[in-house]
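Going letter by letter, the sequence shown gives residues 661 to 1232 in this note's numbering.
Note that CB positions come from ideal geometry on N, CA and C, so glycine has one too.
Worksheet: one structure, shown below.
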Amino acid sequence: MSGDHGLRRGLTNYGDRDFAVYLRRSFARSMGLSQEMLDKPIIGIAMTPSDFNNCHRTMPELVEAVSRGVLAAGALPRAFPTISTGEVFLNPTSMVYRNLMSMDTEEMVRAQPMDAVVLIGGCDKTVPAQLMGAASADVPAIQLVTGPMSTGHYKGERLGACTDCRRFWGRYRAGEIARDEIDVVEGRLAATAGTCAVMGTASTMAIIAEVLGMSLPGTAAIPAVAADRLVAAEATGRAAVHLLTHPRRPSELITEKSVENALRVLMAVSGSTNAIVHLAAIAGRRNISISPERMNQISDETPVLVDLKPVGKGYLEDFHHAGGVGALLRELKPLLHLDTVDVLGQTLADRLAEPLDWVNRDVIRPSDDPVSPVGGLISLGGNLAPQGAIFKRAAATESMFEHEGRAVVFESLEHLARSIDDPDLDIEPDDIMVLQNAGPVAAGMPEAGYLPIPKKLARQGVKDIVRISDARMSGTAFGTIVLHVAPEAARGGPLAAVRSGDRIRLSVKDKRIDLLVDDAEIARRLEQHTPPPLPERGYRGLYARAVTQAPEGVDFNFLQHESTARFGREDQ
Ligand code: FES
Ligand code: MG
C-alpha cells in the first residue's frame, strides 16, 4: 500500500495535518471504535437497503457477512449508504436515477477515507450505477450482488418474476383467466428475497460484473436466500482486504478485452437488451466504446448456450446449479480473451484451467448443441435508426423477421395510454406499432418499448406484433420489438417523421429498419418537427440537458471518461 491509508486517507490539507487526523480519530471514537481499530486500513461498504427496494431485502445480513470477512482479514469495515433504485417503485423510471446513483457512489467512494470498497447492489440499475461509479472513482473495488430470487409455485408450475408476470397478465387481458386467479398468482411471482428470477437485466448485469472481473468468480448467480450467498459475501470482504496488498483498480479490470468478453457472454446468455446500454455506459467511463459492427460480429459468431426465461425454459437458480458463469465460460473458451484479469489478480485462463463439477447440460448447453447458433441481440441500422437500434432476435417471432407493414403511430406515452385499448383504434395484426418521444431526453427512456398488444387484437388471439420505439423494454419481456432507436424522436431522429399509414420494413437478415418514405419527404417532415418541451429545473433539467443517446449508454456527457483524469482522488 502506498502513502496514507485508513483514516489518514484523503485528508483535506488546510495546514495542520496532524490536527486533522486527531479530529477524525476523536469523532470516529464516538462510534465506539478502539484506537487499535482506527490504525487499520479501511474497507468501505456501499450498501443500498431501502424499503422501496425489495430486491435488496437481504442487505443487512450481506453487510454483516462482508464486515466479518473484512475484520477477519485485518481491516476495518465501514458501511455507508448511497441511494437505492428499486426497479418498480420509481417514477417516471428507474433509468433516470441510475446516473444519480452512479454519481453518489463515485463521489462518496472518493470523498470518504477508504482504501478499497465493496459495492453491494442487485436490482437492475444498481449494479450498473455502482460499476460506473467505481470505474470513474478508480479506487480498488469489488462488486457483490444480492443474488436472484428462487421460484414460487402455482398449480404445479414454477413461477418467477417477472416473465411469468407478463405471461399471466397477458392471459388475464385476453380474458383467459379471472381476477381471483390473477390475485393468487400475484403472491407467488416474487416468492423470496432477491432479484428477478429470470435472465432479466439484474441477472445479466450480475453475470457481466463477474465477467468483467469485478466480482468474485462463481458468485453472480448464487440464490439470494442460499447460505452460500453469505459465504460469498464473507469472501468478498476478505478479497477487498487482499486488494490492499495486491491493488487492482477498476481501470485494470474494465478493459477493451474484458468488455468484449462481457458482450460475448451477454449474447450467450441471451441477456437483457438493457445490458447493452449499461455495458456501454460502464465501458464509456473508461473511454471504451462498443461499435454496432463489432457487436453484430460478436452476436453472429456466439451461440446462445443458456436456456432460461424469458426466451427459454429455466430460472436463475437452475443456471447456478448447472455450474453458473464458470460452466458457461468453459464452453465459450475458444471465443474469449483469456488474458483478462479479475479482482483476485487471476487471469481468465487460470480460472478456466481449474476443473469444475458440471451438473446440468440442459440449462447450460455444450457449444456443439446450442439453443441457437447465433447470439440473442443485434444492432439494426437503416434510415429509421441512423445511430442504431437494438433488436432481441432470441425473444422475437421468427416469422416476423422479414416484415413490411403499415405504421400505427403513438406520439407520446400519454397518447399510447389513451388509445391503446380504444375499440376504435385502427390497427390490424400485420401493422407496425410506433412509439415516439419515449427516449432518454424526452422521457428518461422508460421500459415502454414493450407496447401492450391492443386489447382489440389480444382478444382475437394476437400474441405478437412488430413494435418500434426509442424506449427500452424490461429484460424479462419478449416480442418482435425494435428498441433504443437513435437518435431519439425528441432529438430530431427520423423516428419523429413517421406518420400513421406510412410503410415500414424490418429486415433482421439485413439488420435494418427502414421507413419507406422518400428522403426529401422525411427531411421536410423533420424540419417541421417541434420537439416536446423539456424540464429545466433541478436534476430532471440536468438530465434532459446532459443525457446521451443509447449507443453512449445514456450516461451524462460530463461523466464520460475525461472526468477521471482531471478530478482523480489525490492519491492517484
Ligand atoms: Fe429488482 Fe427485477 S425488480 S431485479
Ligand atoms: Mg427489469
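Residue pairing by DSSP places residue 1052 opposite 1037 in a beta bridge. Short of 7 Å from the beta carbon of residue 1137, and not among the five residues preceding or following it, lie these beta carbons of its own chain, in chain order: 826, 970, 1110. Considering only 739, 820, 805, the residue with the shortest C-alpha distance to residue 972 is 820. The three-state reading of DSSP puts residue 880 in coil, since its state is none of H, G, I, E or B. Here residue 1104 carries a coil assignment [DSSP, helix/strand/coil]. Between the ligand FES and the CB of residue 1140, the shortest heavy atom gap is not smaller than 7 Å.
The beta carbon of residue 1112 sits closer than 7 Å to those of 1080, all from its chain and outside the five residues before and after it, given in chain order. Per DSSP, the continuous beta strand (DSSP E) segment holding residue 705 begins and ends at 702 to 707.
In terms of side-chain proximity, the C-beta atom of residue 825 is found no nearer than 7 Å to any non-hydrogen atom of the ligand FES. For residue 745, the closest alpha carbon among the candidates 930, 712, 671, 900 is that of 712.
Bridge partners of residue 817 according to DSSP: 814.
For residue 923, the uninterrupted alpha helix (DSSP H) segment begins and ends at 916 to 928. The C-alpha of residue 664 lies about 24 Å from the C-alpha of residue 764. In the pairwise beta carbon analysis, the stretch 870 to 890 is classified as not touching the stretch 841 to 849: fewer than three pairs are separated by under 8 Å. Contact annotation: the stretch 769 to 776 does not touch the stretch 921 to 937, with fewer than three C-beta pairs closer than 8 Å. Around the beta carbon of residue 954, fewer than 16 other beta carbons sit within 10 angstroms, so the residue counts as exposed. Taking C-beta atoms as the reference points, residue 753 and residue 1106 count as a pair closer than 8 Å.
In this structure, residue 711 has its beta carbon at no less than 7 Å from each heavy atom of the ligand FES. In terms of CA proximity to residue 1162, 1092 leads the group 1057, 1092, 1152. Contact annotation: residue 1119 and residue 1157 have beta-carbon atoms that are not nearer than 8 Å. Around the C-beta of residue 691, fewer than 16 other C-beta atoms lie within 10 Å, and the residue is accordingly described as exposed. Distance between residue 861 and residue 1065, taken at the CA atoms: about 30 Å. Checking the 7 Å criterion, the Cβ of residue 937 is out of range of every heavy atom belonging to the ligand FES.
Three or more beta-carbon pairs drawn from the stretch 798 to 812 and the stretch 891 to 909 are found closer than 8 Å, and the two stretches are therefore classed as touching.
According to the DSSP secondary-structure assignment, residue 801 is paired through a beta bridge with 777.
In the displayed model, residue 950 falls within coil according to three-state DSSP, outside both helix and strand.
Between residue 785 and residue 761, the beta carbon gap of about 7 Å places them in contact (Cβ cut-off 8 Å). When distances are taken from the beta-carbon of residue 1031 to the heavy atoms of the ligand FES, even the shortest one reaches 7 Å or more. Taking the C-beta atoms as reference points, residue 1129 is found no nearer than 8 Å to residue 1069. For residue 1128, the three-state secondary structure derived from DSSP is strand. Short of 7 Å from the beta carbon of residue 895, and not among the five residues preceding or following it, lie these beta carbons of its own chain, in chain order: 729, 876. Within 7 Å of the C-beta of residue 967 there is not a single heavy atom belonging to the ligand FES.
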